[in-house]
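One structure below.
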């Protein structure tokens with residue numbers, strides 16, 4: 020337990036950090052809002068909120084943890100979110116992006132309702148998924164089996180299985196953490212189970228003395244549905260992982276996002292119509308010795324291990340499960356990356372990524388005109404269309420002359436209020452600021468992951484626990500180096516007990 024003085028100290032430091040957020044968010048031309056679930060139950064009790072912003076002083080983008088908000092009745096309302104942003108000096112028209120790791124049924128029509136008062140809002144959900152809530156119920160059963168398996172044999176001790184330990188290391192999974200592991204989304208884990216399955220089953224069955232856990236796991240692994248679903252995941256996860264890897268760098272190559280989403284959706288649709296290569300190989304390798312003596316179907320074997328509950332009827336039933344799972348993945352993909360948002364991302368890349376420009380100055384011509392018109396229509400309230408179209412030929416020539424300048428560096432130069440480019444091209448400076456607050460990249464992902472690790476502070480703490488936990492997460496996620504921290508402000512807030520705007524139980528001065 021923390022001493023009351025420590026709690027007050029944490030609160031003062033968090034208030035000082037939030038005070039800086041208040042100033043930075045007010046100054047940012049636009050902001051993005053990112054939502055993440057707190058808690059791993061079927062009804063998470065709160066949301067963690069993050070904001071993306073950009074500084075007009077130097078054009079540098081940033082992200083910050085705002086706090087956690089309770090979910091009354093299991094969902095949050097647009098009014099709640101807008102009120103909370105307003106307390107940080109962010110009016111509704113400045114909200115440009117909504118991102119999350121939430122499944123679509125929990126988000127509901129939040130984005131649609133927000134757009135009533137946030138006309139610029141686009142959705143792009145780049146956070147890692149917390150699982151497949153819309154998928155068939157078997158997915159959670161499968162993940163429970165993998166969780167028990169990795170906790171039993173994933174250690175580096177004498178009883179550990181090297182393939183499972185290597186998968187944990189490769190995927191950087193910490194089994195001592197409080198959060199649930201979405202095993203069905205982790206390719207190295209599924210690959211390790213597939214590779215070690217044939218000796219996992221006899222190892223479990225040979226455990227002495229036998230335990231209810233090892234016996235239950237042995238039965239689960241012998242099921243046709245388990246091994247079939249493992250090979251189904253081997254067909255689906257590689258393309259989904261490419262998408263995840265694309266979004267992990269600090270500066271994701273957003274030009275690749277729309278075609279990769281389309282390719283992934285097409286791959287999932289193709290598997291809906293015909294078996295993927297891993298699943299097909301598995302079916303072909305099944306060994307059926309023929310009818311049993313009583314006239315029923317014989318037992319099926321795979322890699323020398325007899326499968327349970329395997330029959331032509333079971334295989335047909337699995338086809339229904341496979342189709343439902345693939346459909347849920349496609350729905351989740353399009354919910355995360357809606358078509359209109361992908362069009363905007365592609366247009367931004369066409370304008371601000373010089374790597375997408377023609378190879379010679381003479382070929383610039385009409386390059387990007389369609390993309391610019393799309394952006395001018397989407398962001399009509401904040402840009403002057405005729406001026407932007409008139410400036411575009413000169414803008415392209417200057418960008419071309421700057422050579423291999425990355426899109427983020429170009430956008431930073433445009434947004435920086437003291438730069439020549441900012442003065443020359445005011446409409447492109449506005450569009451560039453919208454690019455820089457897009458909720459993606461390593462910095463944001465790291466903050467979300469760090470906050471997830473610390474969520475236990477917010478759970479089960481009783482009176483004031485949520486507030487205190489939010490303070491600790493704020494300090495851990497956004498605390499600057501000591502030489503950059505405003506100790507004078509923190510001391511003033513500590514001695515005064517706060518003062519100013521109240522937000523998430525923290526008073527913002």
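In our numbering, the protein residues as written are 20 to 528. C-beta atoms are modelled at their ideal positions from N, C-alpha and C, and glycine is treated no differently. All values derive from a computational prediction rather than experimental measurement.
| query | result |
| --- | --- |
| Beta-carbon gap between residue 467 and residue 104 smaller than 8 Å | no |
| Assigned secondary structure, residue 469 (DSSP; H/G/I helix, E/B strand, else coil) | helix |
| C-alpha distance - residue 68 paired with residue 55, whole-angstrom precision | 7 Å |
| Residue 360, enclosing alpha helix (DSSP H) - first and last residue | 358 to 371 |
| Residues near residue 80 in its chain [Cβ-Cβ closer than 6 Å; skip 5 each side] | 73, 455 |
| Close beta carbons around residue 323, own chain, < 7 Å, minus the five adjacent residues each side | 217 |
| Sequence-distant residues of its chain with Cβ nearer than 7 Å to residue 170 (five each side left out) | 194 |
| Collapsed DSSP secondary structure at residue 325 in the structure displayed | strand |
| Three-state secondary structure (DSSP) of residue 242 | strand |
| Beta carbon of residue 243 nearer than 8 Å to that of residue 164 | no |
| Cβ separation of residue 155 and residue 343, assumed to be a contact under 8 Å, to the nearest whole Å | 5 Å |
| Distance CB(residue 449)-CB(residue 75) smaller than 8 Å | no |
| Beta-carbon spacing of residue 78, residue 434 below 8 Å | yes |
| Residue nearest to residue 394 in terms of C-alpha spacing, selected from 139, 437, 157, 472 | 139 |
| Residues near residue 263 in its chain [Cβ-Cβ closer than 7 Å; skip 5 each side] | 147 |
| Top-ranked residue by Cα proximity to residue 70, from 283, 379, 108 | 108 |
| Buried or exposed (CB count within 10 angstroms, at least 16 for buried), residue 399 | exposed |
| Chain-order list of residues whose beta-carbon lies under 8 Å from that of residue 375 (same chain, five-residue window excluded) | 274, 368, 369 |
| Counterpart residues of residue 83 in DSSP-defined beta bridges | 70 |
| Three-state secondary structure assigned by DSSP to residue 306 | strand |
| Residues near residue 340 in its chain [Cβ-Cβ closer than 8 Å; skip 5 each side] | 155, 157, 244, 248 |
| Simplified DSSP state of residue 164, which is helix, strand or coil | helix |
| Pairwise C-alpha distance: residue 463 and residue 280 | 21 Å |
| Residue 131 beta carbon less than 8 Å from that of residue 52 | no |
| CB contact flag (residue 101, residue 111, <8 Å) | yes |
| The ligand NAP heavy atom lying under 7 Å from the CB of residue 170 | The model on display carries no ligand, and the ligand NAP is accordingly not part of it. |
| C-beta atoms of residue 361 and residue 271 nearer than 8 Å | no |
| Bridge-paired residues (DSSP) for residue 141 | 116 |
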